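Protein chains in written order, with my numbering: chain A, 109 to 427; chain B, 2 to 493.
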Amino acid sequence: MTVLLAFDLLLAASIVGLAAATLLMRDAFAMIVAFIVFGMLLALGWARLVAPDVALAEVAIGAGLSGALLLRTLAHLRGGGLSAQGGASVSAPTNGATQGINALLAGLATCALGLAYLGAPQNVPGLEAHVTDAMPESGVTHPVTAVLLNFRAYDTLMEVVVLLAAVIVVWQVERGLAETPAPALGTVYQGFARVALPVAVIAGGYLLWIGAEAPGGAFQAGAVLGAVAVLGLLSRHVRPAPAHRPLARGTFVAGTAIFALVALGVSGAGRETFEYPPAHAKTLILLIEAMVTVSIAATLAALFHGREPVTVATGKETT
Amino acid sequence: MTDVMPDPLTLAILLPLFGAIAAFLLPRAAPAIGLGAVVATAAAIAVLGHLVVQAGTIFVPLGGWGAPLGIELRADGLALAMLGLTALIALGVGLGALAAFAGETEVGGQPMARQRAFFWPLCLLLLTGMNGVYLSNDLFNLYVMLEVISLAAVGLAVLGGTVAALRAGLAYMYASLLGALMMLLGVGFVYLQTGRLDLAGLAGAPDSAALSAAFGLMLVGLALKTALFPLHFWLPEAHANATAPASALLSALVVKAGLYILLRLAEAGPFPGEAILTLMGVLGTGAVLWGGVQALRAERLKLLVAWSTVAQMGLIFVALARAGLEGLSDSWRAAALLILAHAVAKAGMFLAAGRIKDVIGHDRISELDRSAVRPALAQLAFALAAISLIGLPPSLGFIGKWSLMEGAMMAGNWHWVAVTMAGTLLSVAYFTRALTGFLRFDRVRAPLDEHRGWALADAPPVVLAGLAVGLGLAAGPILAVLDLGTPFGAIP
Numbered sequence: 109m110t111v112l113l114a115f116d117l118l119l120a121a122s123i124v125g126l127a128a129a130t131l132l133m134r135d136a137f138a139m140i141v142a143f144i145v146f147g148m149l150l151a152l153g154w155a156r157l158v159a160p161d162v163a164l165a166e167v168a169i170g171a172g173l174s175g176a177l178l179l180r181t182l183a184h185l186r187g188g189g190l191s192a193q194g195g196a197s198v199s200a201p202t203n204g205a206t207q208g209i210n211a212l213l214a215g216l217a218t219c220a221l222g223l224a225y226l227g228a229p230q231n232v233p234g235l236e237a238h239v240t241d242a243m244p245e246s247g248v249t250h251p252v253t254a255v256l257l258n259f260r261a262y263d264t265l266m267e268v269v270v271l272l273a274a275v276i277v278v279w280q281v282e283r284g285l286a287e288t289p290a291p292a293l294g295t296v297y298q299g300f301a302r303v304a305l306p307v308a309v310i311a312g313g314y315l316l317w318i319g320a321e322a323p324g325g326a327f328q329a330g331a332v333l334g335a336v337a338v339l340g341l342l343s344r345h346v347r348p349a350p351a352h353r354p355l356a357r358g359t360f361v362a363g364t365a366i367f368a369l370v371a372l373g374v375s376g377a378g379r380e381t382f383e384y385p386p387a388h389a390k391t392l393i394l395l396i397e398a399m400v401t402v403s404i405a406a407t408l409a410a411l412f413h414g415r416e417p418v419t420v421a422t423g424k425e426t427t
Numbered sequence: 002m003t004d005v006m007p008d009p010l011t012l013a014i015l016l017p018l019f020g021a022i023a024a025f026l027l028p029r030a031a032p033a034i035g036l037g038a039v040v041a042t043a044a045a046i047a048v049l050g051h052l053v054v055q056a057g058t059i060f061v062p063l064g065g066w067g068a069p070l071g072i073e074l075r076a077d078g079l080a081l082a083m084l085g086l087t088a089l090i091a092l093g094v095g096l097g098a099l100a101a102f103a104g105e106t107e108v109g110g111q112p113m114a115r116q117r118a119f120f121w122p123l124c125l126l127l128l129t130g131m132n133g134v135y136l137s138n139d140l141f142n143l144y145v146m147l148e149v150i151s152l153a154a155v156g157l158a159v160l161g162g163t164v165a166a167l168r169a170g171l172a173y174m175y176a177s178l179l180g181a182l183m184m185l186l187g188v189g190f191v192y193l194q195t196g197r198l199d200l201a202g203l204a205g206a207p208d209s210a211a212l213s214a215a216f217g218l219m220l221v222g223l224a225l226k227t228a229l230f231p232l233h234f235w236l237p238e239a240h241a242n243a244t245a246p247a248s249a250l251l252s253a254l255v256v257k258a259g260l261y262i263l264l265r266l267a268e269a270g271p272f273p274g275e276a277i278l279t280l281m282g283v284l285g286t287g288a289v290l291w292g293g294v295q296a297l298r299a300e301r302l303k304l305l306v307a308w309s310t311v312a313q314m315g316l317i318f319v320a321l322a323r324a325g326l327e328g329l330s331d332s333w334r335a336a337a338l339l340i341l342a343h344a345v346a347k348a349g350m351f352l353a354a355g356r357i358k359d360v361i362g363h364d365r366i367s368e369l370d371r372s373a374v375r376p377a378l379a380q381l382a383f384a385l386a387a388i389s390l391i392g393l394p395p396s397l398g399f400i401g402k403w404s405l406m407e408g409a410m411m412a413g414n415w416h417w418v419a420v421t422m423a424g425t426l427l428s429v430a431y432f433t434r435a436l437t438g439f440l441r442f443d444r445v446r447a448p449l450d451e452h453r454g455w456a457l458a459d460a461p462p463v464v465l466a467g468l469a470v471g472l473g474l475a476a477g478p479i480l481a482v483l484d485l486g487t488p489f490g491a492i493p
């Protein structure tokens with residue numbers, strides 16, 4: 109027990125220390141690396157809190173893909189001519205008054221957080237009992253999946269809509285800048301990609317399938333498959349071109365569209381929207397999860413690419 | 002609820018979503034799809050209105066689970082009024098967008114074809130989020146809906162693609178994300194203390210310092226999203242630099258989502274703690290004064306209109322603060338009326354300002370009177386909207402301000418009356434700056450090019466601004482709709 113306690117204390121101290129280090133660093137690259145490590149440790153923390161679903165999501169999206177997005181942005185800033193210095197160091201705001209006000213407001217928010225946490229009554233029963241009671245009718249055996257895809261499916265649909273909105277916004281901003289010079293990946297990476305890609309695809313499929321009964325599901329599987337697509341982009345196996353646009357648009361919306369259509373489709377004859385017939389609940393949930401996984405993977409890869417595909421040869425806007 | 006058709010509540014949320022998907026898939030047909038989706042949504046809202054008039058409040062347990070396990074949608078008079086108004090504004094702004102995106106591309110901006118194609122998916126996603134907020138009865142769901150709204154709103158803010166718009170849009174996104182995070186933290190702590198997420202769970206929550214702190218976090222998050230002084234820093238640039246239809250949607254609708262949620266929270270269970278209410282009142286007063294002063298100093302017309310949004314939001318916070326712990330229903334009603342009035346008038350005003358800018362070629366206030374071209378109808382629309390925002394009778398704005406002041410005077414809250422009066426005087430002053438520019442002919446040096454014919458683009462701002470004034474005459478029916486299902490408690 110003491111070993112675990114010591115581990116937890118060390119973990120908590122590392123998380124806070126890394127968060128502080130991330131904020132205090134001046135070099136952007138080091139900052140991003142520290143942030144990725146922070147995400148990893150945070151995932152470990154979630155695992156220690158017996159929240160493996162959150163841990164998986166954190167490590168895949170919070171640390172993995174966010175890190176990739178940040179590094180990509182940094183490469184863009186260094187290579188795209190937007191920043192004068194090559195080092196891309198982070199400059200702190202110099203205005204003392206602004207800093208003072210920010211510190212005050214952040215301090216107040218922290219006080220409120222502390223008050224809300226310390227003053228909260230202990231052991232208020234949450235919705236666990238309700239979830240346990242309704243599990244047999246949910247069509248799946250993993251409570252998190254039951255909540256996400258059945259009890260609170262409406263929220264999940266809207267989360268998927270948020271991702272769709274994000275990719276639409278990213279595609280919309282087109283400033284006609286030249287394509288960022290691709291990071292040169294050597295033959296070692298090409299070989300790595302050849303080995304890693306099939307394994308990652310299988311891992312993603314497994315996460316999706318197992319989500320019905322154990323930690324996993326659409327978001328985690330989508331993140332893993334998204335990483336596959338990112339590797340494909342980096343190794344230049346995938347080259348986005350204007351001709352891909354209709355297909356890409358279709359893939360982005362597929363998850364949202366199928367989810368919403370199923371939700372409406374099951375209604376009527378005394379059933380509410382989102383009320384799956386119990387006999388078909390598992391099939392419908394898996395169908396929705398599969399489509400959402402594909403959409404999430406495509407969306408994350410598109411966010412990594414960072415723009416609507418344009419003709420690479422000229423690097424100019426063509427539409 | 003019904004046997005064959007999906008219920009109109011879900012349809013009011015999902016129809017714009019399907020429209021957004023279709024408009025994104027078929028960029029060339031986006032305007033037609035978009036307008037079609039708005040009309041279809043309006044039809045669903047009409048059906049919903051019929052049901053609400055008959056039954057009062059309607060609940061739809063999504064998935065058949067029911068609260069607190071599942072999510073329930075709720076429609077009552079307040080939700081219905083907001084839904085109807087939002088559909089009306091979306092239709093008006095949509096028609097305005099047809100004309101606005103046919104114009105010339107601003108220097109350094111995105112090609113018009115791209116703006117036209119991307120406006121509709123974003124506008125419809127915004128409509129999905131707004132309708133979702135109006136019908137929501139669940140704290141976490143409200144947070145998710147706010148996220149949908151924020152992303153669509155950021156997209157709309159940067160639609161023009163100019164450097165200024167992108168910069169302002171980025172600041173807006175940071176502010177919005179921070180606000181969402183605060184809201185989420187607050188929701189988490191409320192769940193920790195009450196064990197449920199539906200709004201009904203708030204009613205029985207024991208009043209404690211911890212709950213006040215959780216509410217404080219939510220309030221700060223919503224204040225950031227609603228641009229309550231001094232968290233308004235992102236609004237003027239973001240709203241002023243967006244293209245006109247986007248500005249109209251941002252100013253008329255997006256900032257209202259936070260206010261609507263506050264109104265719902267206040268109504269579900271009185272705000273815990275006097276301190277929060279006092280703070281809201283003080284900051285609202287600050288917004289009325291600071292927004293007014295900045296609008297007086299603004300050099301560009303759209304910036305003036307954006308600053309007036311900051312001031313007007315402050316007034317609505319004052320109305321919420323005056324409702325107090327016990328929840329004065331007349332003050333809530335005043336807040337709801339002010340939300341409706343500001344939405345219609347500001348949509349019309351931003352469309353008019355955009356039209357003036359398009360026709361004259363710039364929107365510098367000091368040079369408005371030197372233009373040889375006079376966009377008469379747009380100027381008329383601007384003036385009508387200003388009448389409603391100032392609060393002159395018989396406009397809807399007048400009814401809202403009057404019910405606020407009447408309640409405050411009866412109760413002897415003279416400080417709130419003074420704030421309202423100060424805000425009114427400031428708004429007269431800053432709108433007059435623009436209106437004198439419209440009226441004075443004597444500085445024209447170029448040959449007058451008085452009338453270039455009226456374009457379809459003039460119709461939406463004139464109609465919306467006309468409604469902002471004219472709806473005041475229909476204040477009785479509007480109040481009757483608001484009270485369906487008694488969202489504000491029994492009528493005294």
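Ideal Cβ positions, reconstructed from N, Cα and C, are used throughout, including at glycine. All values derive from a computational prediction rather than experimental measurement.
Asked	Found
Pairwise C-alpha distance: ARG357/A and VAL332/A	20 Å
Best match in LEU372/A, SER246/A, LEU152/A for proximity to LEU117/A [C-alpha to C-alpha]	LEU152/A
Cross-chain neighbours of ASP161/A in chain B, by beta carbon under 8 Å	What ASP161/A touches in chain B: nothing, since even the nearest Cβ is about 16 Å away.
Among ALA47/B, VAL48/B, ALA296/B, nearest to GLN313/B - alpha-carbon criterion	ALA296/B
Nearest-angstrom beta carbon gap, GLN328/A and LEU315/A [assumed within contact, 8 Å]	5 Å
8 Å Cβ cutoff met for ALA307/B and LEU236/B	yes
For PHE60/B, the residue or residues it bridges with in DSSP	ARG75/B
Chain A contact for ALA215/B (CB, 8 Å cutoff)	yes
Cα-Cα separation between LEU339/B and TRP333/B, rounded to whole angstroms	10 Å
Contiguous alpha helix (DSSP H) assignments of at least 4 residues, all confined to the segment 191 to 276 of chain A	204 to 226, 236 to 242, 251 to 254
Residues that ASN142/B contacts on chain A, provided the C-beta gap is smaller than 9 Å	ARG260, TYR262, ASP263, MET266
Under 8 Å from the C-beta of ARG447/A: neighbouring residues of chain B	Not covered by the structure: residue 447/A. The range shown for chain A is 109 to 427.
Under 7 Å (Cβ pairs) to chain B, residues found in the segment 357 to 390 of chain A	ARG357, GLY358, VAL361, THR364, ALA365, ALA368, LEU372, SER375, GLY376, ALA377, GLY378, ARG379, GLU380, THR381, PHE382, GLU383
Interface residues of chain B facing MET232/A [CB-CB closer than 8 Å]	For the sequence presented, residue 232/A should be read as Val rather than Met. Under the 8 Å cutoff, chain B gives LEU193, GLN194, THR195, GLY196.
Own chain residues within Cβ distance below 6 Å of THR264/A, not counting five before or after	LEU256
CB of VAL221/B within 8 Å of CB of MET281/B, strictly	no
Exposure label - TRP279/A; buried when at least 16 CB within 10 Å	buried
Cα-Cα separation between ARG115/B and LEU36/B, rounded to whole angstroms	17 Å
Short Cβ contact (8 Å threshold) for LEU150/A with ILE169/A	no
Counted within 10 angstroms of its Cβ, other Cβ atoms place SER403/A as buried (16 or more) or exposed	buried
Any chain B beta carbon closer than 8 Å to PRO224/A	Correcting the residue identity first, residue 224/A is Ala in this sequence and not Pro. It does: the Cβ of ALA224/A has a partner Cβ on chain B nearer than 8 Å.
Chain A residues whose Cβ lies nearer than 7 Å to that of GLU148/B	VAL270
Three CB pairs or more closer than 8 Å across the segment 136 to 153 of chain B and the segment 192 to 206 of chain B	yes
Separation of ALA214/B from LEU132/A, as counted between CA atoms	29 Å
Amino acids of chain B, ordered along the chain, whose beta-carbon sits closer than 7 Å to that of ILE140/A	Going along chain B, no residue has its Cβ under 7 Å from ILE140/A, so there is no contact; the nearest lies around 18 Å.
Beta-carbon neighbours of ILE169/A, restricted to chain B and to distances below 9 Å	Correct list: empty, because the minimum Cβ distance to chain B is about 15 Å.
Cα-Cα separation between GLY319/A and HIS240/B, rounded to whole angstroms	43 Å
Contact under 8 Å by Cβ, GLU268/B with PRO7/B	no
Partners in chain A for ASP547/B, counting only beta-carbon separations shorter than 9 Å	This structure does not reach residue 547/B, given that chain B is present from 2 up to 493, and the question cannot be answered.
Under 9 Å from the C-beta of ALA153/B: neighbouring residues of chain A	ALA273, ILE276, VAL277
Alpha-carbon spacing of LEU178/A relative to LEU232/B, whole angstroms	27 Å
Among LEU254/B, ALA384/B, GLU107/B, GLY95/B, nearest to ASN1/B - alpha-carbon criterion	No answer is possible for residue 1/B: the residues shown for chain B start at 2 and end at 493.
Under 7 Å (Cβ pairs) to chain B, residues found in the segment 338 to 356 of chain A	none
Own chain partners of VAL54/B with C-beta closer than 7 Å, once the 5 adjacent residues on each side are dropped	LEU485
Which of helix, strand or coil DSSP assigns to VAL418/A	coil
Which of helix, strand or coil DSSP assigns to GLY376/A	strand
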